[in-house]
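Under the numbering used here, think of the first position of the sequence shown as 8, with each following residue one higher.
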Amino acid sequence: QAMKMDNIASCVFDLEKKSKVLLESEENHLSLINNDNMELTSLVHETNRRVSKLENQAEALNESLENIKSMSERDKLTSRISKQEDDQATNMNNVMSCVSNLEDKSKMLAES
8 QAMKMDNIAS
18 CVFDLEKKSK
28 VLLESEENHL
38 SLINNDNMEL
48 TSLVHETNRR
58 VSKLENQAEA
68 LNESLENIKS
78 MSERDKLTSR
88 ISKQEDDQAT
98 NMNNVMSCVS
108 NLEDKSKMLA
118 ES
């Protein structure tokens, strides 16, 4: 009977020791998981911050692109107006030349 009690006590002691080792191992494992989760959370925050920064840069680039498009349209209109003014000046010169020719011919006819 005493040997059985000693065996049972020894088994209980071994089980307690193994349970303690398993518990410490599990606590270490959970601690590592917790550290990984904290690191991942930090990385997610950093990634979100960078995404936000990139979104702001993309918005600024889109605004710049719209401004460039507006300037390009304005330049096209300015160029078109300038060409029309040049054409109008050429037409006026042609008209004045025709008037001058007609005046010269009128004088010649009046003299003859």
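Virtual Cβ for every residue (Gly too), placed ideally from N, Cα, C.
Every value quoted in this text rests on a predicted model; they were computed, and no experiment measured them.
Through-space distance from residue j to residue i, alpha-carbon basis
i	j	result
N55	L61	10 Å
K27	E66	58 Å
N100	N63	55 Å
D93	S86	10 Å
L84	I75	14 Å
Q91	E80	16 Å
Reduced DSSP category for residue i - H, G, I as helix; E, B as strand; rest coil
i	result
Q64	helix
S59	helix
Q8	coil
M38	This sequence places Ser at residue 38; Met is not what is there. If DSSP states are grouped into helix, strand and coil, S38 belongs with the helices.
S71	helix
S77	helix
S119	coil
Check: residue i C-beta below 7 Å from any heavy atom of the ligand ADP
i	result
E34	For the structure depicted, the ligand ADP is absent and the ligand set is empty, with no information on it obtainable.
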